[in-house]
Amino acid sequence: DDFGFLCPQELIRKGIPHHFRAIVWQLLCPDAAELPLKAQYSELLRMSSPCERLIRRDIARTYPEHDFFKGQDSLGQEVLFNVMKAYSLVDREVGYCQGSAFIVGLLLMQMPEEEAFSVFVRLMQEYRLRELFKPSMAELGLCIYQFEFLLQEQLPELNVHFRSQSFLTSMYASSWFLTLFLTTFPLPVATRVFDIFMYEGLEIVFRVGMALLQFNQAELVQLDMEGMSQYFQKVIPHQFDSCPDKLILRACQVKYNPRKMKRLEKEYAALKSKEMEEQIEIKRLRSENRLLKQRIETLEKVTRAQEAEDNDVIRRELALVRQRCSSATESLRRAQSTIRELQANPRLSEEFVAHLETELERSRLRESETLGALKEMQDKVLDMEKVSPYLSRCVPRCVPRCVPSVSPGVPPRCPVPEQVCPQVCGGRWKEPRALHEAVLGVQLRESQAQAELRALRQRVLHLETQGRIQRSVLGRAEQACAGLREQLRAAAAQSQGLQAQLSESHRKHAEAQCKSKEEVMAVRLREADSMAALAEMRQRVAELEIQREEGRLQGQLEHSDAAQYIRHLQGHIRQLKAQIRLLRGPLSFGAVALGTRLGDEDSLGSSDEELPPPFALSPGDIGDTGDTGDSSDSEPEVAPVAP
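Next comes the structure, spelled out in structure tokens:
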């Protein structure tokens, strides 16, 4: 009698009989029996998949305690491998994910492998599971984001405790969405949750998860992070083993608003888009930072190489200058020593010059005396030369006087004048040979005097030459000293220039280092700006969340005024559903008993935009109807449209 008054949602929530479960699941999946891939299943099994090794590895971990899958190479493991392999060939983008094996295993417990494959393909396509099992797992991030919002809204104290203990939502809720509680609860409880999932979709996962947290809030807030992990693994899975209906009842009482979920989905998409843009910007900044670092390293290498080369050149030039400076210093030292010696013994130089001058005067005096004697000798020679002809004529005349005459009768004749002859005859020039020897002696003394004169002249010339040499030596020493002073000044100037070049190279190196540090600081400043912008964005998100919370509180305040209008809308929705059933015509017994799904998720109960114009909401009522799910907990629930 109650069959006509219960909607399919209520019937499914009360539990599907075990012997009807396979039929009901196939009827709840739209067009699962007519799936074209079902006919290709045998052909898919003959093909090879790149995921076969992964599937073989995880098969033994899927329901290891169940009799159907227990034992290696059992029938359950073989059919599970076939279904997973076939789907990995159908959907190569998803391929194989370990969590999907538990869903397929549950289907294989209820139906043959071809039907299980068809139902699993339809679940992946129509129930958002495909997005959950993609390698990016973007849908899982969305579900975690929505669940965090429900936790923050309905259990703020527990949410604060989770955050204080750094207990992330993904640490306990990821397996709930990926395996639909099949790895959390025992199989009877998990099957009841899966029954509702086949009709309501992922909404039941949110409801059951929030029911578990509400039921265990008092115990969880007293545990630390490790204690909560142990509690989720050991205590929570077995709390409802004896009474699954209690869990389902609590899950149905959880406040769940589909419109809020859609709004959260849009917000999450916007956040992910911004995050993607930020990631792109961060990658760009990182690549730019890496390029700048490489450029800085290259510049540092070039600077170090240039500095090493400049230092080497300057070092060689400095060594050469030092060598020149040392040689110039040594020459200058010797010159200065000579100058000091000369300056220290001025008397020696003066005495030497005075001695040379005295010798010169003596030489000149001797030369004058020699010239006088020579002139006297020349006069005597001239006198002798004048007397010589008379002597030659007088000798024959004087011989007879000195020697007995041979002819006594002939008188001797003498051509010598009488004033000379008496002298000769008187004995002054007794012997011509002696006279000749005297003349030769005079000539010899004359030649000796001339030789001595020439020697004295040579001595004078030598002394004058030595005097000029000494003066030239002194002049050259002074010039060398002046040149060495000039070289020393030039060497000092060159050394100063090299020191200036060295200091300039050090300054350039310091400037290059400063420039590189400035570039590094600029990069760090840009990174800091990026981090500040990111923090500002996060602050903006927090402000928006606060505004959203304020709007929710305001909507709760105005909720009482909109309750009557919401009940009116719900009545109108029931009328529309009844009209749709009448338009579709009579249904089969199985469809009437099980309640086939009507439309998609956005067709009736979850959206107000498709209502007829007389019942369209005004802009002012949008905020009031945003929490319709909250009021539905006190009112009879409208059957949600399956995805």
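Going by our numbering, the final residue of the sequence shown carries number 643, and the count climbs one at a time with no gaps. Just so it is clear, CB atoms sit at the ideal spot from N, CA and C, and this is done for glycine as well.
### Task
Note down the Cα distance separating L202 from L178, rounded to an integer number of angstroms.
Working through the sequence shown from its first residue, we reach residue 202 at position 202. Working through the sequence shown from its first residue, we reach residue 178 at position 178. Answer to the nearest angstrom: the Cα atoms are 10 Å apart.
### Message
Between the stretch 257-274 and the stretch 155-170, can you find at least three pairs of beta-carbon atoms closer than 8 Å?
### Response
At 8 Å Cβ cutoff, the stretches do not touch.
### Task
Would you decide whether G76 is buried or exposed? Buried here means 16 or more other CB atoms lie within 10 Å of its CB.
Here the question's residue 76 lines up with position 76 in the sequence shown. Buried, by the Cβ-count rule.
### Query
How is L456 classed by DSSP in three states: helix, strand or coil?
Reading the sequence shown from its first residue, position 456 is the one you call residue 456. Three-state DSSP puts L456 in a helix.
### Query
Would the beta-carbon of I55 fall within 8 Å of that of K85?
As a first step, residue 55 must be located in the sequence shown, where it is residue number 55. As a first step, residue 85 must be located in the sequence shown, where it is residue number 85. In contact: I55 and K85 (Cβ atoms closer than 8 Å).
### Query
Rounded to whole angstroms, how far is the Cβ of L150 from the Cβ of E139, which I believe are closer than 8 Å?
Against the sequence shown, residue 150 aligns to sequence position 150. Against the sequence shown, residue 139 aligns to sequence position 139. Not a contact, Cβ separation roughly 17 Å.
### Query
For L60, which three-state DSSP category applies?
Looking up residue 60 in the sequence shown gives position 60. In the sequence on display, residue 60 carries Ala and not Leu. Coil at A60, not helix or strand.
### Query
Looking at I282 and S530, is the spacing between their C-beta atoms short of 8 Å?
Translated into the one-based positions of the sequence shown, residue 530 becomes position 530. Translated into the one-based positions of the sequence shown, residue 282 becomes position 282. Between S530 and I282, the C-beta spacing is below 8 Å.
### Message
Please return the same chain residues whose Cβ sits closer than 7 Å to the Cβ of R284, not counting the five positions on each side in sequence.
### Response
Numbered from its first residue, the sequence shown carries residue 284 at position 284. Annotation for R284: no residue places its beta carbon closer than 7 Å to its own, counting only its chain and skipping 5 residues before and after.
### Anticipated Cβ contact below 8 Å, L342 with L463, distance rounded
Residue numbering aside, residue 342 sits at position 342 when the sequence shown is read from its first letter. Residue numbering aside, residue 463 sits at position 463 when the sequence shown is read from its first letter. Wrong, their Cβ atoms sit about 20 Å apart, outside the cutoff.
### Task
Would you grab the beta carbon distance between L108 and A116 for me? Rounded to a whole angstrom, and I think it's under 8 Å.
What you label residue 108 is simply residue 108 of the sequence shown in a count that begins at 1. What you label residue 116 is simply residue 116 of the sequence shown in a count that begins at 1. Contact flag correct, Cβ pair sits at about 5 Å.
#### Entry: Segments assigned beta strand (DSSP E), at least 3 residues, entirely inside the stretch 497-524
Secondary structure within the stretch 497-524: not one fully enclosed beta strand (DSSP E) run of 3 or more consecutive residues is present.
### Extent of the continuous alpha helix (DSSP H) to which L264 belongs
Position 264 of the sequence shown, counted from the first residue, corresponds to residue 264. Where L264 is concerned, the enclosing alpha helix (DSSP H) stretches over 258-344.
### Task
Report the option in I16, W176, V83 whose CA atom is closest to the CA atom of I59.
Position 59 of the sequence shown, counted from the start, is the residue given in the question as residue 59. Nearest C-alpha to I59: V83.
#### Entry: Continuous alpha helix (DSSP H) stretch holding Q152: start and end
Taking the sequence shown and counting its residues from 1, one reaches residue 152 at position 152. Unbroken alpha helix (DSSP H) run through Q152: 138-154.
### Query
Is there contact here, the stretch 498-508 with the stretch 255-268, by at least three beta-carbon pairs under 8 Å?
No, the stretch 498-508 does not touch the stretch 255-268.
### Query
When the distance is taken between beta carbons, is A510 closer than 8 Å to A328?
Reading the sequence shown from its first residue, position 328 is the one you call residue 328. Reading the sequence shown from its first residue, position 510 is the one you call residue 510. No.
### Task
Report the residue from P17, E157, P8, E114 whose alpha carbon sits nearest the alpha carbon of L44.
Reading the sequence shown from its first residue, position 44 is the one you call residue 44. Closest by alpha carbon: E114.
### Task
Can you tell me the Cβ-Cβ gap for V523 and L292, rounded? I've got them flagged as a contact below 8 Å.
Within the sequence shown, numbered from 1, the residue matching residue 523 stands at position 523. Within the sequence shown, numbered from 1, the residue matching residue 292 stands at position 292. The pair is a contact, with the Cβ atoms about 5 Å apart (cut-off 8 Å).
### Message
Our contact map puts R192 next to P244 with C-beta atoms below 8 Å; I'd like the distance itself, whole angstroms only.
### Response
Position 192 of the sequence shown, counted from the start, is the residue given in the question as residue 192. Position 244 of the sequence shown, counted from the start, is the residue given in the question as residue 244. With a Cβ gap of about 5 Å, R192 and P244 count as contacting.
### Secondary structure of R92, DSSP reduced to three states
Here the question's residue 92 lines up with position 92 in the sequence shown. Correct three-state label for R92: coil.
### Own chain residues within Cβ distance below 8 Å of E527, not counting five before or after
Your numbering for residue 527 matches position 527 in the sequence shown. Correct list, in chain order: L285, N289.
### Message
With three or more beta-carbon pairs closer than 8 Å as the criterion, would you say the stretch 313-331 touches the stretch 469-489?
### Response
Yes, since at least three Cβ pairs between the stretch 313-331 and the stretch 469-489 fall closer than 8 Å, the two stretches touch.
### Query
Which residue from M210, Y199, L155 puts its Cα closest to that of A173?
Start at 1 with the first residue of the sequence shown, and residue 173 comes out as number 173. Residue M210 is the option with its Cα nearest to A173.
### Task
Drop a sphere of 10 angstroms on the beta-carbon of F20, count the other beta-carbons inside from all chains shown, and report buried for 16 or more, exposed for fewer.
The sequence position of residue 20 within the sequence shown is 20, counting from 1. Answer is exposed; the Cβ neighbour count stays below 16.
### Task
Measure the C-alpha to C-alpha separation of P188 and H238 and round it to an integer number of angstroms.
To locate residue 188, count along the sequence shown from 1; it is residue 188. To locate residue 238, count along the sequence shown from 1; it is residue 238. Between P188 and H238, the C-alpha separation is close to 11 Å.
### Task
Buried or exposed for T358, please, with buried defined as at least 16 other CB atoms from any protein chain shown within 10 angstroms of its CB.
Stepping through the sequence shown from its first residue, residue 358 is reached at position 358. Exposed.
### Query
Can V205 and L182 be called in contact, C-beta distance under 8 Å?
Residue 205 sits at position 205 when you count from the first residue of the sequence shown. Residue 182 sits at position 182 when you count from the first residue of the sequence shown. In terms of Cβ geometry, V205 and L182 do not form a close pair [threshold 8 Å].
### Message
So, does the stretch 16-30 touch the stretch 62-79, judging by three or more C-beta pairs under 8 Å?
### Response
No, because fewer than three Cβ pairs between the stretch 16-30 and the stretch 62-79 fall closer than 8 Å, the two stretches do not touch.
### Query
Could you give the residue range of the alpha helix (DSSP H) that holds L49?
For the purposes of this step, residue 49 is identified with residue 49 of the sequence shown, where counting begins at 1. Residue identity differs from the one stated: residue 49 is Ser in this sequence, not Leu. Here S49 belongs to no alpha helix (DSSP H), and DSSP marks it neither H nor E.
### Message
Using only the alpha-carbon positions, how far apart do I280 and E543 sit?
### Response
Within the sequence shown, residue 280 is the residue found at index 280, counting from 1. Within the sequence shown, residue 543 is the residue found at index 543, counting from 1. Cα to Cα, I280 sits roughly 24 Å from E543.
#### Entry: Whole-number beta carbon distance between L247 and F240, since they are thought to touch under 8 Å
By one-based count along the sequence shown, residue 240 stands at place 240. By one-based count along the sequence shown, residue 247 stands at place 247. Beta-carbon to beta-carbon, F240 and L247 are separated by about 4 Å, close enough to satisfy the 8 Å threshold.
### Message
Is the separation between the beta-carbon of S495 and that of V321 shorter than 8 Å?
### Response
Reading the sequence shown from its first residue, position 495 is the one you call residue 495. Reading the sequence shown from its first residue, position 321 is the one you call residue 321. With contacts defined by Cβ atoms closer than 8 Å, S495 and V321 form a contacting pair.
#### Entry: Euclidean distance between Cα positions of M384 and Q450
As a working mapping, residue 384 is identified with position 384 in the sequence shown. As a working mapping, residue 450 is identified with position 450 in the sequence shown. So the alpha carbons of these two residues sit roughly 20 Å apart.
### Three-state class that DSSP yields for R526 in the structure shown
The sequence position of residue 526 within the sequence shown is 526, counting from 1. In the three-state DSSP reduction, R526 falls in the helix class (H, G or I).
### Task
Would you identify the three-state DSSP class for E169, choosing helix, strand or coil?
Along the sequence shown, read from residue 1 onward, the residue named residue 169 stands at position 169. Note that residue 169 is Thr in the sequence shown, not Glu. In this structure, T169 counts as coil in the three-state DSSP scheme.
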